[in-house]
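Asker:
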Amino acid sequence: MAKEIFMPKLSSTMESGTILQWIKNEGDPVDMGEPVFEVMSDKINIEVEAYEEGFLLKKYYNVDDVVPVNTVVGYIGEKDEEVPDTPPGNTENSESKAEPEPDQNETVADDSSSSVTQIEQGQIRATPAARRVAKEEGADLSDMTGSGPKQRIQQQDVHEFVQNAQKTPKATPLARKWAEEQNADLNTVEGSGPGGKIYTKDLSAAQNDTVSAEPDRIPVKGIRKVVADRMTESAAAVPHVTLYSDVDMTELVRMRSRLQDKIIEQTGAKLSYTEIMMKAAASALERHPYINASLSPDQQEILLHRDVNLGLAVATEQGLVVPVLHHAQHKGLVELVKESKQLAADARNQQLKPQQMQGGTFTISNLGMYAVDGFTPIINQPEAAILGVGQMKETPVGENGSVVLRPMTTFSLSFDHRVVDGAPAAAFLTELKQLLEDPYELLM
Amino acid sequence: MREITYVEALRECMSQEMRENENVFLMGEDIGVYGGAFGVTRGMIEEFGPERVRNTPISEAGITGSAIGSALTGMQPIVELQFSDFITIAMDQLANQAAKLRYMYGGKGNVPMVLRTPAGSGTGAAAQHSQSLEAWVAHIPGLKVVQPSTAYDAKGLLKAAIDDPNPVIFYEHKLLYKTSSDDVPEDPYSIPLGQADIKREGTDVTIVATSVMVHRALEAAEKLAEEGINVEVIDPRSIVPLDEETIVQSVIKTNRVVVVHEAVKRGGYGGEIASMITESEAFDFLDAPVKRLGASPVPVPYNPELEKAMTPQTEDLIQACRETLQRA
Amino acid sequence: MLKSVELLPDKSKDELTRMLKEKWTIRYFDEKVDEFFAKGMIHGTTHLCVGQEPTATGPCSVLRDEDKITSTHRGHGHCIAKGADINLMMAELFGRSTGYCKGKGGSMHIADVEKGNLGANGIVGGGIPLATGAALTSKLKNQGDVILSYFGDGAANEGSFHESLNLASIWGLPVVFICENNQYGMSGSVKEMVNIENIAERASSYGIPGVVVDGNDLIEIMNETHKAVKHAREGGGPVLIEAKTYRWKGHSKSDARKYRTREEEQAWKDKDGIKRFRDLLISEELLTEEEAENLRKQAKQDVEEAVQYAEESPEPGLDTLLEDVYA
Numbered sequence: 000m001a002k003e004i005f006m007p008k009l010s011s012t013m014e015s016g017t018i019l020q021w022i023k024n025e026g027d028p029v030d031m032g033e034p035v036f037e038v039m040s041d042k043i044n045i046e047v048e049a050y051e052e053g054f055l056l057k058k059y060y061n062v063d064d065v066v067p068v069n070t071v072v073g074y075i076g077e078k079d080e081e082v083p084d085t086p087p088g089n090t091e092n093s094e095s096k097a098e099p100e101p102d103q104n105e106t107v108a109d110d111s112s113s114s115v116t117q118i119e120q121g122q123i124r125a126t127p128a129a130r131r132v133a134k135e136e137g138a139d140l141s142d143m144t145g146s147g148p149k150q151r152i153q154q155q156d157v158h159e160f161v162q163n164a165q166k167t168p169k170a171t172p173l174a175r176k177w178a179e180e181q182n183a184d185l186n187t188v189e190g191s192g193p194g195g196k197i198y199t200k201d202l203s204a205a206q207n208d209t210v211s212a213e214p215d216r217i218p219v220k221g222i223r224k225v226v227a228d229r230m231t232e233s234a235a236a237v238p239h240v241t242l243y244s245d246v247d248m249t250e251l252v253r254m255r256s257r258l259q260d261k262i263i264e265q266t267g268a269k270l271s272y273t274e275i276m277m278k279a280a281a282s283a284l285e286r287h288p289y290i291n292a293s294l295s296p297d298q299q300e301i302l303l304h305r306d307v308n309l310g311l312a313v314a315t316e317q318g319l320v321v322p323v324l325h326h327a328q329h330k331g332l333v334e335l336v337k338e339s340k341q342l343a344a345d346a347r348n349q350q351l352k353p354q355q356m357q358g359g360t361f362t363i364s365n366l367g368m369y370a371v372d373g374f375t376p377i378i379n380q381p382e383a384a385i386l387g388v389g390q391m392k393e394t395p396v397g398e399n400g401s402v403v404l405r406p407m408t409t410f411s412l413s414f415d416h417r418v419v420d421g422a423p424a425a426a427f428l429t430e431l432k433q434l435l436e437d438p439y440e441l442l443m
Numbered sequence: 000m001r002e003i004t005y006v007e008a009l010r011e012c013m014s015q016e017m018r019e020n021e022n023v024f025l026m027g028e029d030i031g032v033y034g035g036a037f038g039v040t041r042g043m044i045e046e047f048g049p050e051r052v053r054n055t056p057i058s059e060a061g062i063t064g065s066a067i068g069s070a071l072t073g074m075q076p077i078v079e080l081q082f083s084d085f086i087t088i089a090m091d092q093l094a095n096q097a098a099k100l101r102y103m104y105g106g107k108g109n110v111p112m113v114l115r116t117p118a119g120s121g122t123g124a125a126a127q128h129s130q131s132l133e134a135w136v137a138h139i140p141g142l143k144v145v146q147p148s149t150a151y152d153a154k155g156l157l158k159a160a161i162d163d164p165n166p167v168i169f170y171e172h173k174l175l176y177k178t179s180s181d182d183v184p185e186d187p188y189s190i191p192l193g194q195a196d197i198k199r200e201g202t203d204v205t206i207v208a209t210s211v212m213v214h215r216a217l218e219a220a221e222k223l224a225e226e227g228i229n230v231e232v233i234d235p236r237s238i239v240p241l242d243e244e245t246i247v248q249s250v251i252k253t254n255r256v257v258v259v260h261e262a263v264k265r266g267g268y269g270g271e272i273a274s275m276i277t278e279s280e281a282f283d284f285l286d287a288p289v290k291r292l293g294a295s296p297v298p299v300p301y302n303p304e305l306e307k308a309m310t311p312q313t314e315d316l317i318q319a320c321r322e323t324l325q326r327a
Numbered sequence: 000m001l002k003s004v005e006l007l008p009d010k011s012k013d014e015l016t017r018m019l020k021e022k023w024t025i026r027y028f029d030e031k032v033d034e035f036f037a038k039g040m041i042h043g044t045t046h047l048c049v050g051q052e053p054t055a056t057g058p059c060s061v062l063r064d065e066d067k068i069t070s071t072h073r074g075h076g077h078c079i080a081k082g083a084d085i086n087l088m089m090a091e092l093f094g095r096s097t098g099y100c101k102g103k104g105g106s107m108h109i110a111d112v113e114k115g116n117l118g119a120n121g122i123v124g125g126g127i128p129l130a131t132g133a134a135l136t137s138k139l140k141n142q143g144d145v146i147l148s149y150f151g152d153g154a155a156n157e158g159s160f161h162e163s164l165n166l167a168s169i170w171g172l173p174v175v176f177i178c179e180n181n182q183y184g185m186s187g188s189v190k191e192m193v194n195i196e197n198i199a200e201r202a203s204s205y206g207i208p209g210v211v212v213d214g215n216d217l218i219e220i221m222n223e224t225h226k227a228v229k230h231a232r233e234g235g236g237p238v239l240i241e242a243k244t245y246r247w248k249g250h251s252k253s254d255a256r257k258y259r260t261r262e263e264e265q266a267w268k269d270k271d272g273i274k275r276f277r278d279l280l281i282s283e284e285l286l287t288e289e290e291a292e293n294l295r296k297q298a299k300q301d302v303e304e305a306v307q308y309a310e311e312s313p314e315p316g317l318d319t320l321l322e323d324v325y326a
C-alpha cells in the first residue's frame, strides 16, 4: 500500500512551504530516513526524510511550488504500484479516495489548508456571522483565510481582513485588477475619485508619466514572505515609539582591544562590538523586566520573561533572519562570541533549526557596518522592544566647556507602548548608555 | 425573603388559588391523605376536603378526560399525573380532545385545565418512570407546555397556568422538588407563560437550558468563568409558548449557542429551538454551528452510572461550550 | 296523555307532534347529506344516523335546556335533538364560515356548547370521559344538571368507557350513559365483538343500574331515559341505557355493506321508529293523516332551506386559519 508524503508543518506558524528541490526522482528507491525533498519555510530550509521504504512513486509538485502544510506531495510504495494522478483532496481526483488509508485521508481533509476553506469551486466555508460582516464591509470571503475548524472563516477573520485592507489604497475593482496585471503600485498613484479612490484612468495617467522598463519579478515567498507578513503585522498592530541616545564608545573601544587577543585565543574568533552590546543589553534587561517582556497572544497579559533570550538580526542572501541566543544573562563574552558566530553562520547557510529561531525576548539589530547613523527598528513580535545600532563615528562633543572628538554611536530603542511606557523605556536606555560608556561595570 | 422548596412553592400556589377560586380543584392518584407520590399535595385534603382534592382510581385517561369535560363546563381542574411517563395513557384525551376542542368547535368553549406531572431521570426509577416527553405535547397545537426550574418560577408559573384559559401541561422535575429558593414571595404572583428568564448574563456563548439542565448550565458557567469564558444562561420556562425574542437577542449578542435538555436529543425540543434560531435574524450573527445536547437515544437505564451517562452532565456542557468557542 | 301506552314524562300534544317532525328532520337532513356526498358536493366524510332517529329524539326530549350531551361521530341526530339550528349545521358540512364551527370542524365535530351540546367526537369513546367531567362540574357546583353521554356499541369496548363508568359510579355523578347499539362498529358485528347478550349487563360491574330498550320505540326510550335522568338528578349516580337500534346506511360514505345481508337491513327497516310513532299519534287521534303529511313535508322543506342557507354562506377567510387554537 503506497504511503503519502506530506508537506510537514515545521513550526506553529507555518502554513505552507516552498519546495526547493527534489532529492529523489520518481522511480528512485528510498530508504527509511533518507531525505526525499527539501523545503523552505519560516526562514529555514529542511530536508524532509522518508518515513517508509520503497520507491518514490509520484511527485505532485515542482520546485518553487508553494504547498500548504499537510498536503500530500507524493507517494512512496512498491515499484509499479498505482497512485492517483493528482494529489488526494483535489476535487478533480475521484479514484484516489480508496487508495490512502481512511484515517490519513481524514487528517488531510481536516488540516490541509487552502483546499478546505474553499470547499468546492465557489463555495466558501464561513460562519453566517462572517458572511454578514463581509457583506456589510464589502469584503470578499474568497480573499480570506479562516482561523476556525477546517479553516472556517470566522467573524474575527473578516474584521482583521478589513482592518488590513483599509491600509491599502482605495481603488475600484477594475483598477485593482489592472494594477495587478500591470504590476503597478497603487500607493504611488493619486486617485481622482471621492476620498482619493483610484480609477483605471488614474492608473493609465500614472503609467504615461513613468514609462519604465519591465522590472524583474521576484515572487514574495519563503523568507521574503515571512518577513513581509511579520513586519506588516508588527507595524500595523504595535504602537511603536522610538527613543534615541548617542553613546560615547571610547571606553568600549578600549576594552575590546584589550580583550581581543584572549578571545581569539579561546574561541578562534574575533570579539565584535555586537557581542559586548549583547552583554550590556542582557545585563540591563535583567534589571528592566518590562523591556524583557511580551504581550500574550490574547493580549490579556504581559509576560515578564525570566530569561534573556536575545534575537540577532542577521542579513542573509534570502533576507532577514533572527536567530536567538538563549539565556544570554548567564553567559560571558567567550560564550557569547562562540554562540553568536555559530548562529550567524548557520543563518547564512540556512541551517538553523526551528528551536534556534524561537523564544526570543529582545532583539538587537546592528547596522553599524553601514553608513547609517540611526534608524527606527520594527519590533520583532511578540517582543516588547528592539535595539537598533548605528555606525560609530568621530563626532565633536562638548566636554568641560570645550569641544572634543569622540567615537559616538546612536542607539535607538523601539518599544511597544501597549506593554511599556516612555519613562521606564527611557530608564532602560539610560542604563544601557551608562554600561556602554563604562563597560567595566559589566564585570561586576 | 423566606426560603421554601419547589414542592412547598407548588403546594402554596395551589392552596392559595383554591382559597380564592372555588372553581379550582385537584384530581389525581394518591393525592389525598397519602399527599401525592412526591408529597406535593400533602395536607391539602385536610384543608380542602375530598370533594376538592379528589383521590382517583388509577385511570389516567379517565381522570384526564374528566378534567377536560369539567374544564369545558366551567371548572379549572388541576390533574396530577404521578409520573409523566403515564401521559402516554392519557394522550388521546390530551391530544385529541383537550388540545382540539376549541378549534374544532370554531372557537366555542375553553379548556382551562392544568396537568401537573413530574418528569426526568436521576432517581433510579428506570425506563418507565424517568422519561422527559415534553416534546410530544409541545408538538400538539392547542396545548401549552411549562417547565419550571426553580421554586420561584414554579409558584409564579403554576399560577399563570391555572389562570390560563387553555390546557397547560406543567412539567415538574423530581430532582428539583427538594431544591429551594430564598426569593419566593408569600403573596400570590404570576409569571407570564412565554417569558424566558436570563438566569445568568454573559457575552461569549448562550446556553438555552430547560428544567434541571438550567442548574447544570449555571454550574458549567461558573467553571467556564474561571477560564475567562463568559456564559449567558437562558431558561425559556415555557416551551409553548416559546420566548423566541429573548433567545434570538442573546444569540445576536454572543454569536454562539448551546441548546440543552434532558430529553432524548433525537426529536427533542432542542431541535425546534435550534431551528428557530437559524431561521431567525440571529442566523447572520452565528459564528459557530448551533450545538445541541440531549440524552442518548436509549430507554433510561437503572444503573446510576449508566443513567448519568445517558443524560447531559455539567462536564458535557463545559465541553460543548469550549468546542463551540473552539477552545477545546 | 296517551291511552294505549303509559308515558312517564309530561308531554303535550304539541310536544309530541314536534318530536315526530324532528325525527323527520333528522332523517331528511341525513338523506340530503348522503345525496350531496354522492354528488361530491360535500367533501371529507360523514356518518349518517338514518334509522336511529328515536334514540336521538327520545332521550334529548326529557332533558332540560341546561342539561348537556356528548355525542359521537354519528351525531347529526343528537345535535338536532338538542335543539341545534339545521341551517348552521348544514353550513358547517359545507365548510362555510356561518357553520357551527366556522367551517373548521365538519361533520364529526359539530358542537353547540351554549345549547349544552359538548360536541360530536371523532374518537370512538372520546366523549365519555368528557361527559363524566361535565357531570363532575354539575356536582361540584351543585347545578343539578344531568349529562347525557351518547356512544355506540364499539365504544363500549374502549378503555375510556370502563374508566369513566367506574369514576362516575364511585363519585355518584349525574350522568346517563346511553349506548346506541346499532349492531355494527364499522363492519364489526356486536355479536362477534361482545360475548354477552346485552352491553347494559356491564352496568352491574360498576354497581350502577343497566337498562335495555327497543331503539325503535320512542315511548319506551323516553320513559327509561326519564327515569334515569331523574335518578341521576336526584343524586343516585349514573345509569347505563342500551338502545337496540340499526343504522340503515353504511358506516360512512364508502361502505358496500358486505358484512351484512340486505334481508337483515329490510327486517330493521320494517321496524322503522318514525312510522311507528306516526301511526301511534294517528291512532291516538292526536294527529290526522293530512296533518302528519304536512309535518313531513315541512321537515323536508326545512332541510331544503338549510341547504340554501349553506350554499349562500361565505367560505371562511384564510386569515381565520390561525384563530381559536388558544383562548
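Residue numbers (numbering that gives the first Met the number 0), protein chains in the order written: chain X, 0 to 443; chain V, 0 to 327; chain W, 0 to 326. For glycine and all other residues, C-beta sits at the position ideal for the given N, C-alpha and C.
(1) Would you check if the distance between the CB atom of A231/W and the CB atom of V145/W is smaller than 7 Å?
(2) According to DSSP, G397/X sits in a beta bridge with which residue or residues?
(3) Taking a Cβ distance cut-off of 8 Å, strictly less, list which residues of the stretch 119-138 of chain X are near chain V, in chain order.
(4) Find out if the Cβ-Cβ distance for the pair S180/V, E306/V is shorter than 7 Å.
(5) Identify, in the order they occur along the chain, each residue of the same chain with its Cβ nearer than 8 Å to the Cβ of V29/X, setting aside the five sequence neighbours on each side.
(6) In terms of alpha-carbon separation, which member of K8/X, Q433/X, E3/X and I123/X lies closest to E81/X?
(7) For D184/X and L294/X, which I take to be in contact (beta-carbon distance under 8 Å), what is that distance rounded to the nearest angstrom?
(8) Tell me, please, which residues DSSP counts as bridged to R28/X.
(9) Out of curiosity, what's the CA-to-CA distance linking A98/V and G64/V?
(10) What does P148/X reach in chain V if we use C-beta pairs closer than 7 Å?
(11) Inspect the beta-carbon positions of A452/X and V313/X and report whether they are closer than 7 Å.
(12) Using beta carbons (cut-off 7 Å, strictly below), is F223/V in contact with chain X?
(13) Considering just the uninterrupted stretch of the beta strand (DSSP E) at M26/V, what are its terminal residues?
(14) Mind listing the chain W neighbours of M72/V? Cutoff is C-beta to C-beta under 8 Å, in chain order.
(15) Name, going along the chain, the residues of the stretch 273-291 of chain V whose beta-carbon falls closer than 7 Å to a beta-carbon of chain X.
(16) Quick one: is Y369/X buried, meaning 16 or more other Cβ sit within 10 Å of its Cβ, or exposed?
(17) Short of 6 Å in beta carbon distance, which residues of its chain neighbour A83/W, apart from the five on each side in sequence? Order them along the chain.
(18) Quick check on the DSSP output: the alpha helix (DSSP H) that includes V32/V runs from which residue to which?
(19) Does the beta carbon of Q154/X come closer than 7 Å to any beta carbon on chain V?
(20) When the Cα atoms are used, what is the spatial distance from I197/V to S131/V?
(21) Which value, in whole angstroms, describes the spacing of the CA atoms of A268/X and A234/X?
(22) Cα separation between Q92/V and G125/W?
(23) So, is the C-beta of V47/X closer than 7 Å to a C-beta in chain V?
(24) Please name the residue in T45/W, G236/W and V193/W whose C-alpha comes closest to that of S253/W.
(25) Excluding the five sequence neighbours on either side, which residues of its own chain have a C-beta within less than 7 Å of the C-beta of L129/W, listed in chain order?
(26) Return helix, strand or coil for Y5/V, following the three-state DSSP convention.
(27) For the stretch 90-102 of chain V, which residues have a beta carbon sitting closer than 7 Å to at least one beta carbon of chain W?
(28) According to DSSP, what are the bridge partners of R124/X?
(29) Please confirm if Y149/W has its CB atom under 7 Å from at least one CB of chain V.
Answerer: This is what the structure holds:
(1) yes
(2) V402/X
(3) Contact annotation: in the stretch 119-138 of chain X, residues whose CB is within less than 8 Å of a CB in chain V are T126, P127, A128, A129, R130 and R131.
(4) No, these two residues do not count as a Cβ contact at 7 Å.
(5) K23, V35, A49, E51, E52, G53, F54, L55 and I75
(6) E3/X
(7) About 32 Å separates the two Cβ atoms, so there is no contact after all.
(8) Per the sequence shown, residue 28/X should be read as Pro rather than Arg. P28/X is bridged to F54/X.
(9) 12 Å
(10) Q325
(11) Residue coverage of chain X in this structure runs from 0 to 443, which leaves residue 452/X outside it and unanswerable.
(12) Residue identity differs from the one stated: residue 223/V is Leu in this sequence, not Phe. No, L223/V lies away from the interface with chain X (no Cβ there is under 7 Å from its Cβ).
(13) V23 to G27
(14) The amino acid at residue 72/V is misidentified as Met; the sequence shows Thr. In chain order: K67, L117, G132, A133, T136 and S137.
(15) F282, D283, F284, L285, D286 and A287
(16) exposed
(17) So the list reads D111, once near-sequence residues are dropped.
(18) Taken as a continuous stretch (DSSP letters only), V32/V belongs to no alpha helix (DSSP H), as it is neither H nor E.
(19) yes
(20) 23 Å
(21) 36 Å
(22) 7 Å
(23) For V47/X, the nearest beta carbon of chain V is not closer than 7 Å to its own beta carbon.
(24) T45/W
(25) Here the set comprises T69 and L117.
(26) helix
(27) Those would be D91, Q92, N95, Q96, L100, R101 and Y102, in chain order.
(28) Answer by DSSP bridge pairing: none, since R124/X is not bridged.
(29) no
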